[in-house]
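Below is one structure; the comments refer to it alone.
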């Protein structure tokens with residue numbers, strides 16, 4: 162039955178339709194529960210031959226290859242690749258800083274659009290989708306399900322999120338690495354205003370747990386350019402201390418600090434093999450997602 | 129530094145505008161919510177040294193721009209020590225009174241190597257410009273000719289006044305200073321600037337003059353009210369030549385009349401040139417020109433007895449000698465006059481008719497046929513009636529005048545007589561004193577010229593002359609070389625003469641018979657005996673007496689002949705105004721004839737006026753001497769050169785304009801935006817690892 166709810170502003174059918182042709186592919190083998198698009202670490206019943214294996218008692222006799230037995234007088238079992246679905250965990254930063262936006266959108270609104278589109282795509286191809294919203298801790302956690310009706314729950318949760326509080330990203334990522342079952346797709350959407358050195362441990366932890374980690378690093382154009390002209394009192398959106406600054410005096414050092422941070426972060430993501438996307442939120446999110454999906458689809462798969 | 133519009137400095141606080149704007153800007157900040165606090169905090173923790181310096185530098189440059197603009201509008205003057213200082217300029221353009229002491233002496237007409245302007249013109253022009261620029265209040269000129277203060281309307285009229293033009297008379301700086309002091313005291317002037325324009329010639333400054341001491345004390349009493357500013361022109365005349373005629377002799381006794389000249393050229397160099405040069409001297413005699421070549425070694429060149437024929441029958445005339453033009457025009461010409469020798473008048477002052485007769489005989493018989501000799505005998509009481517200006521020789525056989533204090537007896541004639549005799553000798557006249565029969569002064573009491581009579585001596589046997597000076601002076605040998613028969617003289621009676629004198633003839637017992645008293649000019653002789661028969665055989669052996677009297681007459685007559693030659697500035701100004709100029713400089717005014725070189729005719733005679741001999745001397749007062757002369761007074765000195773076009777005070781607003789422009793450019797450079805756009809583009813967009 163059709164629910165007459167208001168249209169969600171973070172869902173654009175045109176964008177979703179444009180992205181529908183692109184599969185959301187994992188870069189690593191996923192452990193799904195049902196058959197799907199993604200490679201599994203297990204052997205299964207797909208049409209793609211994998212290997213011969215010696216028969217051991219207990220194997221299904223139907224899978225014995227009688228022709229091989231006829232040629233070699235030995236019992237071999239013929240194995241095929243398994244295709245499975247994936248569990249996609251969307252990790253959404255809902256701290257106060259995500260409410261910043263110098264243009265039409267705040268970072269949180271932009272993040273909603275990305276999360277909703279990925280969720281939609283995942284469900285469309287039969288994958289499970291979950292959502293974890295966090296600020297100082299995990300504010301809301303929806304475990305991955307592949308049920309299309311679950312998408313509605315996800316959307317509702319996205320709609321209701323508000324940015325507030327501090328960011329404790331590292332603790333949350335460690336927690337999720339442990340609590341999420343191995344080999345899932347973890348997509349973190351945040352502004353990552355955390356010391357990059359602390360993030361390295363989180364990324365390595367998730368990698369150790371065989372998760373496929375992707376980052377959407379959302380930055381406002383004003384944060385990148387810092388084009389203020391008048392003396393300004395900057396109030397911390399996460400409740401910290403305020404800073405008074407003469408922009409013309411501090412701009413160069415701000416830029417220096419920003420560059421240092423971005424370079425450090427880039428180095429870490431390269432070393433930890435994270436799929437990292439730096440996004441300026443004045444970019445169309447369709448382009449960002451297209452780039453994200455295309456890159457995954459064309460990358461060599463790892464088993 | 130001083131300012132022409134010092135009230136503009138009141139706007140200097142406006143220079144604080146950038147700082148005030150900065151502070152206001154700091155107060156009207158905006159508040160914004162900000163997410164990327166971690167970068168701001170990191171930026172705050174970074175070193176802020178350069179940014180702080182840059183910020184302060186920008187503020188300082190902006191302040192400097194406004195300050196330079198205000199100072200520029202205030203029209204600053206780079207006057208060095210000449211400005212009255214900042215306080216002076218704020219309190220009203222320095223001194224309210226300005227007195228200019230102008231040295232117009234011939235040496236001030238010197239030009240430098242390429243000089244378009246002489247020292248005098250340069251000093252007047254610079255002074256006019258300076259006073260116009262800094263705004264002189266009451267302006268008074270005291271120039272060296274008249275040494276009288278004259279108020280001037282405006283500084284620019286200095287350029288047009290004839291009183292600032294060149295003169296041939298020497299300056300008398302102490303007299304100018306005295307005049308300035310009188311003017312300040314009589315007008316009770318307040319703050320006064322006394323500008324002295326001079327080339328520091330010692331002859332003009334008279335640094336040894338006793339007036340300086342009293343002047344210095346008088347000015348010191350005025351305290352800081354009077355400030356001296358010395359515009360000094362240093363001596364630069366390596367190639368200057370001055371010409372002068374030492375002696376002019378006119379002779380028309382021969383078949384053809386001629387004028388004989390002794391021309392002397394002096395140079396500015398102190399070292400003799402290795403290659404002597406020949407200087408063509410132009411001699412103009414009554415309008416007819418001829419050229420005379422004089423050898424010149426860089427220091428001095430002299431030609432004596434150069435003869436120039438004149439028409440027979442001419443009795444007097446004038447002439448001029450000139451050397452080619454050099455940097456100093458004022459000493460390139462010299463004027464002279466020539467005249468027939470005047471009658472040689474001798475005055476015999478005696479009460480004794482015998483003595484008078486003998487001396488008159490010896491004086492009246494002329495030694496040369498065309499010379500007229502006149503002698504008159506007067507009593508001591510008739511001395512006042514003598515026409516001293518025509519007299520060549522005075523034979524004084526009377527009691528020597530005893531000087532009395534004027535307060536004792538104002539009408540005492542002997543006082544006048546002494547002065548007259550002194551003036552006569554100073555003019556160049558000759559005097560021979562014979563001892564009077566009665567000595568009325570106390571023995572040893574000093575009389576005229578430092579001499580005094582002692583007591584009469586009467587040796588048993590007539591004394592004879594043991595030695596006499598045959599090489600020079602009255603008893604010199606004749607032109608043929610024969611000595612005078614002085615040795616045959618018999619002296620029966622002689623008097624002791626006391627005082628410093630050069631003995632010309634000495635008796636056998638060592639007593640002096642005839643002596644010469646040293647004087648700066650003229651000649652004074654003292655005889656220890658008289659021509660009376662009872663005293664000596666001077667009259668009987670008349671040759672010696674005749675020769676010595678004739679020689680004394682000739683010596684004294686030289687001064688008569690020289691009366692046609694005057695130094696500029698010596699003559700009376702009113703009398704000089706009546707002179708008729710025969711030759712004079714075109715650029716001078718008739719009321720300054722006494723100070724202008726040239727040839728003039730007075731009623732009966734011709735007068736040649738020239739610069740004084742001391743003007744050709746080069747010594748200048750040194751810096752230390754000047755400091756000594758102005759010790760205890762406020763003296764600013766500026767050394768200048770002739771032809772210098774650089775003003776003493778100069779408006780330097782251009783410098784402030786340049787400072788302002790540099791400050792603006794510097795500020796713009798510091799304010800240039802950083803390469804934010806480039807970083808911004810680099811940070812935009814997605815990056816995929």
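Chains as they are written, first to last, in my numbering: chain A, 162 to 464; chain B, 129 to 817.
Backbone N, C-alpha and C fix where the C-beta goes; we use that ideal spot for every residue, glycine too.
Can you name the start and end residues of the alpha helix (DSSP H) that residue i belongs to?
i                      : result
residue 377 of chain B : That residue, residue 377 of chain B, is in no alpha helix (DSSP H); its beta strand (DSSP E) goes 369-379.
residue 281 of chain A : 268-285
residue 465 of chain A : Any property of residue 465 of chain A remains undetermined from this structure, which presents chain A solely from 162 to 464.
residue 329 of chain A : Here residue 329 of chain A belongs to no alpha helix (DSSP H), and DSSP marks it neither H nor E.
residue 384 of chain A : 382-386
residue 172 of chain B : 165-173
residue 180 of chain B : 177-201
Cβ of residue i within 8 Å of Cβ of residue j?
i                      : j                      : result
residue 188 of chain A : residue 373 of chain A : yes
residue 431 of chain B : residue 468 of chain B : no
residue 382 of chain A : residue 293 of chain A : no
residue 348 of chain B : residue 761 of chain B : yes
residue 357 of chain B : residue 323 of chain B : yes
residue 489 of chain B : residue 445 of chain B : no
residue 301 of chain B : residue 325 of chain B : no
residue 727 of chain B : residue 465 of chain B : yes
residue 558 of chain B : residue 680 of chain B : yes
residue 226 of chain A : residue 238 of chain A : yes
residue 299 of chain A : residue 348 of chain A : no
residue 307 of chain A : residue 289 of chain A : yes
residue 371 of chain B : residue 449 of chain B : yes
residue 264 of chain B : residue 787 of chain B : no
residue 275 of chain A : residue 437 of chain A : no
residue 199 of chain A : residue 247 of chain A : yes
residue 510 of chain B : residue 492 of chain B : no
residue 376 of chain A : residue 435 of chain A : yes
In the DSSP assignment, find the unbroken beta strand (DSSP E) run with residue i in it and report its ends.
i                      : result
residue 225 of chain B : 225-230
residue 738 of chain B : 734-738
residue 135 of chain B : Taken as a continuous stretch (DSSP letters only), residue 135 of chain B belongs to no beta strand (DSSP E), as it is neither H nor E.
residue 346 of chain A : 346-351
Using only the heavy atoms of the ligand MG, determine whether one of them is closer than 7 Å to the beta carbon of residue i.
i                      : result
residue 339 of chain B : The ligand MG is not part of this structure, which contains no ligands at all.
(message) Under 8 Å, with one C-beta from each stretch per pair, do the stretch 653-667 of chain B and the stretch 613-620 of chain B reach the 3-pair mark?
(response) Enough Cβ pairs lie closer than 8 Å, so yes.
(message) Against chain A, which members of the stretch 170-203 of chain B pass a CB distance test of less than 7 Å?
(response) Result list: 170, 171, 172, 174, 179 and 183.
(message) Please list, in chain order, the residues of the stretch 357-374 of chain A that have any C-beta partner in chain B closer than 8 Å.
(response) For the stretch 357-374 of chain A, the set of residues with a beta-carbon nearer than 8 Å to any beta-carbon of chain B is empty.
(request) Check distances from the C-beta atoms of the stretch 209-243 of chain A to those of chain B and list, in chain order, the residues that come in under 8 Å. (result) Closer than 8 Å at the C-beta level to chain B, one finds no residue of the stretch 209-243 of chain A.
(request) Count the CB pairs spanning the stretch 472-481 of chain B and the stretch 509-527 of chain B that are closer than 8 Å, and state whether there are at least three. (result) Yes: at least three Cβ pairs fall under 8 Å.
(message) I want to know whether the stretch 394-406 of chain A touches the stretch 258-265 of chain A - three or more CB-CB distances under 8 Å.
(response) In short, these stretches touch, since the Cβ pair count reaches three.
(request) Jot down the residue ranges of each uninterrupted beta strand (DSSP E) in the stretch 353-382 of chain A, minimum 3 residues, whole runs only, in chain order. (result) DSSP runs (the beta strand (DSSP E)) wholly in the stretch 353-382 of chain A: 373-380.
(request) Pull out every residue of the stretch 435-462 of chain A whose Cβ sits closer than 9 Å to any Cβ of chain B, in chain order. (result) Cβ contacts with chain B: 435, 436, 437, 438, 439, 440, 441, 443, 444, 448, 449, 452, 453 and 456.
(request) Taking a Cβ distance cut-off of 8 Å, strictly less, list which residues of the stretch 150-172 of chain B are near chain A, in chain order. (result) When CB distances to chain A are screened at a threshold of 8 Å, the residues of the stretch 150-172 of chain B falling below it are 153, 154, 156, 157, 158, 159, 160, 161, 162, 163, 164, 165, 166, 167, 168, 169, 170, 171 and 172, in chain order.
(request) Select from the stretch 415-426 of chain A all residues with a C-beta closer than 9 Å to any C-beta belonging to chain B, and list them in chain order. (result) Taking a C-beta cut-off of 9 Å against chain B, the contacting residues of the stretch 415-426 of chain A are 415, 416, 417, 418, 419, 420, 421, 422 and 423, listed in chain order.
(message) Just to confirm the assignment: which complete beta strand (DSSP E) runs, minimum length 3, are found wholly within the stretch 292-343 of chain B?
(response) Listed in chain order, the complete beta strand (DSSP E) runs (minimum 3 residues) inside the stretch 292-343 of chain B are 320-326.
(request) Identify every run of the beta strand (DSSP E) within the stretch 642-720 of chain B, keeping only runs that are complete inside it and at least 3 residues long; order them along the chain. (result) Correct list: 651-655, 693-695 and 708-712.
(message) I want to know whether the stretch 708-724 of chain B touches the stretch 548-555 of chain B - three or more CB-CB distances under 8 Å.
(response) Cβ pair count under 8 Å is below three, so no.
(message) Could you check whether the stretch 574-586 of chain B touches the stretch 622-636 of chain B, counting it as contact only if at least three pairs of C-beta atoms, one from each stretch, sit closer than 8 Å?
(response) These segments touch.
(message) Tell me whether the stretch 348-360 of chain A and the stretch 423-443 of chain A touch, counting them as touching only if at least three CB pairs, one residue from each stretch, are closer than 8 Å.
(response) The stretch 348-360 of chain A is in contact with the stretch 423-443 of chain A.
(request) Determine, using beta-carbon pairs with one atom in the stretch 280-299 of chain B and one in the stretch 694-703 of chain B, whether at least three such pairs fall under 8 Å. (result) Contact holds: three or more Cβ-Cβ distances are below 8 Å.
(message) Three Cβ pairs or more, each shorter than 8 Å: is that satisfied between the stretch 334-343 of chain B and the stretch 248-257 of chain B?
(response) In short, these stretches do not touch, since the Cβ pair count stays below three.
(message) Can you confirm whether the stretch 384-395 of chain A touches the stretch 157-168 of chain B when touching is taken to mean that 3 or more C-beta pairs between the two stretches lie within less than 8 Å?
(response) Three or more pairs of CB atoms, one per stretch, sit closer than 8 Å, so the stretch 157-168 of chain B contacts the stretch 384-395 of chain A.
(request) Using a Cβ-Cβ cut-off of less than 9 Å, give me the residues of the stretch 390-403 of chain A that come near chain B, in sequence order. (result) In summary, the residues of the stretch 390-403 of chain A whose CB is separated from some CB of chain B by less than 9 Å are 391, 392, 393, 394, 395, 396, 397, 398, 399, 401, 402 and 403, in the order they occur in the chain.
(message) Going residue by residue through the stretch 243-290 of chain B, where are the continuous beta strand (DSSP E) segments of at least 3 residues, counting only ones entirely within it?
(response) The beta strand (DSSP E) runs lying completely inside the stretch 243-290 of chain B and spanning 3 residues or more are 266-271 and 277-280, given in chain order.
(request) Decide yes or no for the touch test of the stretch 177-186 of chain B against the stretch 408-416 of chain A: beta carbon pairs closer than 8 Å, at least 3 of them. (result) A contact exists between the stretch 177-186 of chain B and the stretch 408-416 of chain A.
(request) Answer yes if the stretch 628-641 of chain B comes into contact with the stretch 586-603 of chain B, meaning at least three C-beta pairs across the two stretches below 8 Å, and no otherwise. (result) Taking one beta carbon from each stretch, the stretch 586-603 of chain B and the stretch 628-641 of chain B have 3 or more pairs nearer than 8 Å; the two touch.
(request) Closer than 7 Å, Cβ to Cβ, to anything on chain B: give me those residues from the stretch 252-282 of chain A, in chain order. (result) Taking 7 Å as the Cβ-Cβ cut-off, the stretch 252-282 of chain A approaches chain B at 258 and 261, given in chain order.
(request) Taking a Cβ distance cut-off of 9 Å, strictly less, list which residues of the stretch 337-357 of chain A are near chain B, in chain order. (result) Against chain B - using a Cβ distance shorter than 9 Å - the residues of the stretch 337-357 of chain A are 352, 354, 355 and 356.
(request) Could you tell me whether the stretch 283-295 of chain B touches the stretch 231-239 of chain B, using the rule of 3 or more Cβ pairs below 8 Å? (result) The stretch 283-295 of chain B and the stretch 231-239 of chain B touch, with no fewer than 3 CB-CB distances between them shorter than 8 Å.
(request) Could you say if the stretch 328-335 of chain B and the stretch 741-749 of chain B meet the contact criterion of at least three C-beta pairs nearer than 8 Å? (result) They touch, by the three-pair rule.
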